[in-house]
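Presented below is the structure to which this report refers.
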Amino acid sequence: LDAAGPDRNLLVEQYERGWDVLGSPPPDEYAIAVQNLLPEVTSLSYYWVEIKNAPYRTLGDHHGAGLVYDLPECFTVVSHDQLRRWGVEFEQAFDAALANLRKKSLPAKFRRHSCGLYVSDYGDAHDPARLLLAEVFDDLDLEGDPVVIAPNRGTLLITGSDNPAGLQAMGELATQLID
């Protein structure tokens, strides 16, 4: 951990809490678990290689949207087996997860970076999933259609398709932030 003093202590505490809950299964009751379900958008290779037992929707050629059970320090991917135990279909759980994300996402939290480029400011590691909520972009002053990049779990970059300077700034910032 690259921190000193109180910052280091806080990081160690958060790290330890994350390990305490890592791998903890979601509650047995869907009625309890549903309030903490969120969608997750990530690379399709994640579903193909890392998490083979997780349901997902394909988004374009390279991404998928699945489900996670969200905890304060981490999240757990929801598997086909977990959905069976809850007695719910993927689409029902996914709709509930989208509703939960919508509650966390509106009003939208973006700060203007430069040249018509906006950067998400949610601070919760679910920013790529906000691609599923077109309404979070409604109040942004974009030139053209939205162009969005999610360089990591905690960042969405948005600019307009008719904004060359914004697109250039987006590419430069995404290169710096990519995980």
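Position 156 (the sequence shown) corresponds to 138 in our numbering; numbering is contiguous.
Every residue gets a Cβ at the ideal spot worked out from N, C-alpha and C, and that includes glycine.
Identify the continuous beta strand (DSSP E) that holds residue i and give its terminal residues.
{"i": "proline 133", "result": "128 to 134"}
{"i": "aspartate 52", "result": "45 to 52"}
{"i": "phenylalanine 57", "result": "57 to 59"}
{"i": "serine 87", "result": "Run containing serine 87: none in the beta strand (DSSP E); it sits in the alpha helix (DSSP H), 72 to 87."}
{"i": "valine 101", "result": "99 to 102"}
Starting from residue i, follow the alpha helix (DSSP H) in both directions and report where the run begins and ends.
{"i": "histidine 95", "result": "Histidine 95 -> not in any alpha helix (DSSP H); beta strand (DSSP E) instead, spanning 92 to 96."}
{"i": "serine 143", "result": "Premise fails: serine 143 is in no alpha helix (DSSP H) and is neither H nor E."}
{"i": "leucine 65", "result": "62 to 68"}
Excluding the five sequence neighbours on either side, which residues of its own chain have a C-beta within less than 7 angstroms of the C-beta of residue i, listed in chain order?
{"i": "proline 9", "result": "Ala15"}
Since residue i contacts residue j with CB under 8 angstroms, what's their CB separation in whole angstroms?
{"i": "glycine 142", "j": "leucine 124", "result": "4 angstroms"}
Short of 6 angstroms in beta carbon distance, which residues of its chain neighbour residue i, apart from the five on each side in sequence? Order them along the chain.
{"i": "proline 110", "result": "Val23 and Ala132"}
{"i": "glutamate 170", "result": "The requested residue 170 does not occur in the structure, where the chain is confined to residues -17 to 161."}
{"i": "tyrosine 104", "result": "Lys91"}
Determine, using beta carbons only, whether residue i and residue j come nearer to each other than 8 angstroms.
{"i": "valine 129", "j": "leucine 138", "result": "no"}
{"i": "valine 59", "j": "glycine 48", "result": "yes"}
Within 8 angstroms of any Cβ in chain B, is that where the Cβ of residue i sits?
{"i": "valine 130", "result": "Going by chain labels, chain B is absent from the structure shown, which holds only one protein chain."}
Fill in: beta strand (DSSP E) runs contained entirely in the segment 9 to 41, provided each spans 3 or more residues
19 to 25 and 39 to 41
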